[in-house]
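Notes follow once the structure below has been shown.
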Amino acid sequence: MIKKVLVIRHDKIGDFVLFWPALHLLKTALPQASIEVFVAPAVKSLAEACPYIDHVIVDTGDDQAISAEFAARQYDAVIVSLSQFRIYKMIQHLDIPYKLAPKHNWYQYFYKHRADAQYKKGEGCWRGGCMLVEHFLAAHDITIPPHPTQYWDMSAERPRWQEYYGKQDGEKLIFVHPGTGGSSGSLSTETFIKLLESVDSKSRHKCRFVLTFNGDEERLAEEIHAGLNEKGTNAVMAKPLNELSDFAKSIVAADMFIAGSTGPLHIAGLHNVPTVGFYAGRRSAPKVRWQTLTQSHKRLAFTPPIGKKTGRNMDLIDLDAASSGIADFLNTHYSE
């Protein structure tokens, strides 16, 4: 009987969020087991808020101490989602009956149990984590549960968070994260201002644009905020929140989330909030690979022309077409 499972996923926020479907499968299939995760420090509070996780171990960088903690917790299985040689060295001597790693990198052959985690063309990269967990469940003759339409139900807290962000009667809260996590390019300040002003004028709804930010992105958000206010567009700066988990929960207030940064977009996807993503124009189709976890009819994406010289230049996106598309997207979901 499996009583305790360790999952290794110690990387960026967006990558961790895209592992939630896999965690959902694992916890739903093994409701009595303790599902525990090894994560990066930046992800700690979000991992603690995840309804599919029972215990969180943070990557302190002290491999010897971490390995000792793994050993003390006496796991029945470990699923290595983010496979590194460092991780192999940390767990190789541990008395864990079942160790599963993905089939990539030369050291995969040190693991007795390996699984194909290469998602197919046309699938989101979140499928890779699910493939690992599905292999694990099948190997233990455990039924693979179906996926839900929403991975994080915070609907009971939606009115409180809408009040926090100052929503007035009849308004739609449009969250906008103008920064980028590095996976894509970024719209210029001037382009963002023009885009949001145009969306506001074309939408049938009263919009309140909430500009979210993190760290150095505050300056960019302030510039966009000032530009929109000059144009008479209703925009506010998001009130700061101390923890990533609080920000993640607060996104339930949004009626739409617009960003080029995949991390915040993916968090919005957990709530099944309609998302509008701006992705790099690459042949690898990032708008498909990095698609959010919202239902397909609630996703909209824009890219500049594909190419080395054009793919990261977001200002090459047809602004008029994008603003019309976003306004129509908003009107469709909230038809009067």
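The sequence shown begins at 1128 in our numbering and counts up by one.
Positions of the beta carbon are idealized from the N, C-alpha and C atoms, including for glycine.
Option nearest residue i by Cα separation, candidates the options
{"i": "Gln-1422", "options": "Ala-1204, Pro-1275, Lys-1376", "result": "Pro-1275"}
{"i": "Val-1326", "options": "Ile-1378, Gln-1235, Asp-1455", "result": "Asp-1455"}
{"i": "Pro-1367", "options": "Glu-1357, Asn-1356, Glu-1344", "result": "Glu-1344"}
{"i": "Leu-1397", "options": "Val-1132, Lys-1139, Leu-1145", "result": "Leu-1145"}
{"i": "Tyr-1238", "options": "Lys-1247, His-1220, Arg-1254, Cys-1252", "result": "His-1220"}
{"i": "Phe-1336", "options": "Ser-1161, Ser-1328, Met-1364", "result": "Met-1364"}
{"i": "Tyr-1406", "options": "His-1151, Glu-1284, Arg-1439", "result": "Arg-1439"}
Reduced DSSP category for residue i - H, G, I as helix; E, B as strand; rest coil
{"i": "Gly-1141", "result": "helix"}
{"i": "Tyr-1225", "result": "strand"}
{"i": "Thr-1402", "result": "strand"}
{"i": "Ile-1271", "result": "coil"}
{"i": "Arg-1331", "result": "coil"}
{"i": "Met-1281", "result": "coil"}
{"i": "Leu-1157", "result": "coil"}
{"i": "Ile-1394", "result": "helix"}
{"i": "Ala-1407", "result": "coil"}
{"i": "Leu-1173", "result": "helix"}
{"i": "Lys-1247", "result": "coil"}
{"i": "Ile-1135", "result": "strand"}
{"i": "Phe-1146", "result": "coil"}
{"i": "Leu-1368", "result": "coil"}
{"i": "Leu-1420", "result": "coil"}
{"i": "Leu-1338", "result": "strand"}
{"i": "Ile-1433", "result": "coil"}
{"i": "Ile-1320", "result": "helix"}
Run of the beta strand (DSSP E) containing residue i, from where it starts to where it stops
{"i": "Val-1185", "result": "1182–1185"}
{"i": "Thr-1459", "result": "It is not in any beta strand (DSSP E) - Thr-1459 instead sits in the alpha helix (DSSP H) that spans 1446–1460."}
{"i": "His-1240", "result": "1240–1242"}
{"i": "Ala-1386", "result": "1383–1386"}
{"i": "Phe-1302", "result": "1298–1304"}
Short CB-CB distance (under 8 Å) between residue i and chain D
{"i": "Ile-1206", "result": "No chain D appears in this structure, which consists of one protein chain only."}
Residue i versus residue j - alpha carbon distance
{"i": "Ile-1180", "j": "Ile-1351", "result": "37 Å"}
{"i": "Arg-1241", "j": "Ile-1206", "result": "10 Å"}
{"i": "Lys-1248", "j": "Glu-1357", "result": "44 Å"}
{"i": "His-1304", "j": "Tyr-1202", "result": "39 Å"}
{"i": "Ala-1167", "j": "Asp-1447", "result": "40 Å"}
{"i": "Phe-1384", "j": "Thr-1339", "result": "10 Å"}
{"i": "Phe-1212", "j": "Leu-1133", "result": "17 Å"}
{"i": "Gln-1245", "j": "Tyr-1461", "result": "37 Å"}
{"i": "Tyr-1236", "j": "Arg-1409", "result": "32 Å"}
{"i": "Thr-1318", "j": "Ala-1449", "result": "11 Å"}
{"i": "Gly-1251", "j": "Gln-1418", "result": "6 Å"}
{"i": "Ser-1451", "j": "Lys-1435", "result": "27 Å"}
{"i": "Arg-1354", "j": "Leu-1153", "result": "Looking at the sequence shown, residue 1354 is not Arg but Gly. Those two C-alpha atoms are separated by around 46 Å."}
{"i": "Gly-1390", "j": "Ile-1129", "result": "32 Å"}
{"i": "Ala-1412", "j": "Gly-1387", "result": "15 Å"}
{"i": "Ala-1380", "j": "Val-1164", "result": "28 Å"}
Nearest-angstrom Cβ-Cβ length linking residue i and residue j, presumed shorter than 8 Å
{"i": "Pro-1148", "j": "Gly-1256", "result": "7 Å"}
{"i": "Lys-1299", "j": "Lys-1333", "result": "7 Å"}
{"i": "Pro-1224", "j": "Leu-1259", "result": "At roughly 17 Å, the Cβ-Cβ gap does not stay under 8 Å, so Pro-1224 and Leu-1259 are not in contact."}
{"i": "Ser-1161", "j": "Lys-1131", "result": "5 Å"}
{"i": "Val-1403", "j": "Leu-1427", "result": "5 Å"}
Residue i - containing alpha helix (DSSP H), residue span
{"i": "Val-1415", "result": "1413–1416"}
{"i": "Met-1217", "result": "1212–1218"}
{"i": "Met-1258", "result": "1253–1266"}
{"i": "His-1352", "result": "1344–1357"}
{"i": "Lys-1376", "result": "1371–1377"}
{"i": "Phe-1429", "result": "From DSSP, Phe-1429 is part of no alpha helix (DSSP H) but of the beta strand (DSSP E) over 1426–1429."}
Heavy atom of the ligand MN within 7 Å of residue i beta-carbon
{"i": "Lys-1358", "result": "Among the ligands in the structure shown, none appear at all, so the ligand MN cannot be discussed."}
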